[in-house]
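Q: Let me begin by handing over the structure; questions about it come next.
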DNA sequence: GCTCGATGTGCGATTAACGCACGTATGGAG
DNA sequence: CTCCATACGTGCGTTAATCGCACATCGAGC
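Residue numbers (our numbering), protein chains in the order written: chain S, 11 to 271; chain D, 11 to 271.
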């Protein structure tokens, strides 16, 4: 049946492309066939088209993501004016706290890093970068995002089969729901040992773009926030950064033809 | 005529998506129609499909890139293990030099930032971020990339109509060609006032991934490299970082199922 | 009230996409 | 060396997805 509002081939091609974002590295066509469920001939055609369009590059008998995909991200970040507006703020906060600081939002049922900064004294890195994804239920970032998302999103997140990331990962929906509500009420979220053992995160809200909430978050070893005074310091710094980054959704809408083309 | 190796609809959809990476912000359908040259009904179907797939979000009467595109970039960066392997190195170099340092590669006929770091004392920022693009001919990054690219790429770059970014932008093909050859011969590239007035850049080669060269680059005010000793210092730091980042193409290929899904 | 541009829709013609089936190349095992 | 399993490339008939014109509606601006 033909549909005037949906291009099936495009959607399939994007599905194929998405196969490469989860399992990074080289993927062979049979692997993509397995993962996507499409016919072999279809996968072949889509992969070749993605290659021709520059999104995939051949490597041996498989394909790999091309830097082309960065250009799309660059468009999104340019839209936010990330390089000018958020990077300096994140860097300052990271330096002040001597902790990694990140700006994140929600993509489907995951939290996703939009930008991040780490202090010069980079003791430990979790290997996260722009575009890295985190679970919504078991991180401070994720819970703070859920606290600012529509109820159906929260329900959808809670409805998913619970995953234990650490030994103390909370899996009880009621407890998780209350953690989200607490985050909403107190205006920040803290999570310990929920995703990465020995790690803890703190997140505070920033503005939003459309109906997409943004949060600022920081990560440290689990006992970093034990002292209430230390937690206060972190919260203050994050909130200050949040103010400076400002209302993301409310930048000048008029200046379309900015920058050098 | 049907083609077993090409899905036209997918390619068109990607073209539509690409319309959003150049001119950031909200685009209305008529604008996309104009830019892409496709039929109005086609653009409509493709935009709606891109929205349904999560790559675009509606805003008012137009569309905007969704954070979904960051996930693709995240896949690419995870492939490089950017968060763990290159971020710390860039940060250290940026701190040591007190200058912005970036890892870049080539996407089509542009240089593109893969990752970057800025020192804590972020005096001036050019507003560049992951995915930002720069011209190949008029930047140190670009020329160093060309110096390591296949000859046909160089010719293609030189064949394009020359663009003047600054008053002293070089437009003579012969001079540009020799600048690229110089970069190849001496193993680094320096450019002053070529793209941004008052700015200068230095770039050195890093490994490559497949046939894609990578370079490390740094930017500063134009007189920062006047003193030969200062230039030496910068080159040493960049080369050191280049060594540490190492052969990007030669990381362990076996560890596919790494990380937590 | 009129005009112009944007948007949504109906529908017929076209042809692009699909996927089965066949032949080939590769590469590992015995 | 042979055999087998797997991946790859291709031909082609069928199907229906895509295309793009045409019409209708809506809202803003003059």
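Backbone N, C-alpha and C fix where the C-beta goes; we use that ideal spot for every residue, glycine too.
Distance, Cα to Cα, residue 101 of chain D vs residue 228 of chain D?
A: 12 Å
Q: Mapping DSSP to helix, strand and coil, what is residue 224 of chain S?
A: In the structure shown, the three-state DSSP call for residue 224 of chain S is strand.
Q: Buried or exposed: where does residue 77 of chain S fall if 16 or more other Cβ atoms within 10 Å of its Cβ makes it buried?
A: buried
Q: Cα separation between residue 151 of chain D and residue 211 of chain D?
A: Approximately 7 Å between the Cα atoms of the pair.
Q: Apart from the five residues on each side of it in sequence, which residues of its chain come closer than 6 Å, Cβ to Cβ, to residue 126 of chain D?
A: These residues qualify, in order along the chain: 112.
Q: Does residue 238 of chain S pass the burial test, meaning 16 or more other C-beta atoms within 10 Å, or should it be called exposed?
A: With fewer than 16 Cβ atoms within 10 Å of its Cβ, residue 238 of chain S is classed as exposed.
Q: Report back the beta-carbon spacing between residue 58 of chain S and residue 16 of chain D to the nearest angstrom; my notes put them in contact at under 8 Å.
A: 7 Å
Q: According to a CB-to-CB cut-off of less than 9 Å, which residues of the region 168-199 of chain D neighbour chain S?
A: 175
Q: Report the option in D:123, D:110, D:89, D:180 whose CA atom is closest to the CA atom of residue 88 of chain S.
A: D:123
Q: Sort out for me which residues DSSP pairs residue 126 of chain D with in a bridge.
A: DSSP lists D:112 as partners of residue 126 of chain D.
Q: Let me confirm a value: residue 50 of chain S is counted as buried when at least 16 other C-beta atoms fall within 10 Å, else exposed. Which label applies?
A: Looking at its Cβ environment, which holds fewer than 16 other Cβ atoms inside 10 Å, residue 50 of chain S is exposed.
Q: Which chain D residues are close to residue 209 of chain S, counting only those with a beta carbon under 7 Å from its beta carbon?
A: None at all; the shortest Cβ gap to chain D is about 13 Å.
Q: Would you say residue 110 of chain S reaches chain D, if we count a Cβ-Cβ gap shorter than 8 Å as a contact?
A: Chain D contact via Cβ: absent.
Q: With a cut-off of 8 Å, does the C-beta of residue 81 of chain S fall near any C-beta of chain D?
A: yes
Q: Residue 218 of chain S CB to nearest chain D CB: under 8 Å?
A: no
Q: Could you check if residue 270 of chain D is buried or exposed, using at least 16 other CB atoms within 10 Å of its CB as the buried criterion?
A: Below a pLDDT of 50, predicted positions are generally treated as unreliable, and residue 270 of chain D, at 35, falls in that range; no measurement from the model is reported.
Q: According to DSSP, which residues form a beta bridge with residue 200 of chain D?
A: D:212
Q: From the DSSP output, in three-state form, read off residue 230 of chain S for me.
A: strand
Q: Determine the direct distance from the alpha carbon of residue 103 of chain S to that of residue 251 of chain D, and round the result to whole angstroms.
A: 25 Å
Q: Fully enclosed by the region 121-188 of chain D, which beta strand (DSSP E) runs are 3 residues long or longer?
A: Here the runs fully enclosed are 143-145.
Q: Between the region 116-128 of chain S and chain D, which residues of the former have a C-beta closer than 9 Å to a C-beta of the latter?
A: 116, 117, 118, 120, 122, 123, 124, 125, 126, 127, 128
Q: Along chain S, in chain order, which residues have C-beta atoms closer than 8 Å to that of residue 142 of chain D?
A: 84, 87, 88, 93
Q: I want to verify the contact list: residues of chain D whose CB lies under 7 Å from the CB of residue 63 of chain S, in sequence order.
A: 21, 24
Q: Kindly list the residues whose CB is nearer than 6 Å to the CB of residue 253 of chain D, restricted to its own chain and excluding five residues on each side of it in sequence; keep chain order.
A: none
Q: Measuring only between beta-carbons, confirm whether residue 101 of chain S sits less than 8 Å from chain D.
A: yes
Q: Below 8 Å on the Cβ atoms is my guess for residue 67 of chain D versus residue 53 of chain D; work out the distance and round it to an integer in Å.
A: Contact between residue 67 of chain D and residue 53 of chain D does not hold, since their C-beta atoms are separated by about 16 Å, which reaches or exceeds 8 Å.
Q: Counting along the chain, where does the alpha helix (DSSP H) carrying residue 101 of chain D start and finish?
A: 97-107
Q: Please return the same chain residues whose Cβ sits closer than 7 Å to the Cβ of residue 37 of chain D, not counting the five positions on each side in sequence.
A: 29, 30, 72, 73
Q: Beta strand (DSSP E) containing residue 72 of chain D: first to last residue?
A: 72-75
Q: Using a C-beta cutoff of 8 Å, does residue 137 of chain S count as contacting chain D?
A: Residue 137 of chain S counts as touching chain D.
Q: Taking just the CA atoms, how far does residue 64 of chain S sit from residue 12 of chain D?
A: 21 Å
Q: Sort out for me which residues DSSP pairs residue 38 of chain D with in a bridge.
A: D:72
Q: I'd like to know whether the C-beta atoms of residue 255 of chain D and residue 99 of chain D end up nearer to each other than 8 Å.
A: yes
Q: Quick one: Cα of residue 26 of chain S to Cα of residue 158 of chain S, how far?
A: The alpha-carbon atoms of residue 26 of chain S and residue 158 of chain S are separated by roughly 31 Å.
Q: Measure the beta-carbon distance from residue 193 of chain S to residue 153 of chain S and round it to whole angstroms, keeping in mind my assumption that it falls under 8 Å.
A: 5 Å
Q: Under 8 Å between the Cβ atoms of residue 119 of chain D and residue 170 of chain D?
A: yes
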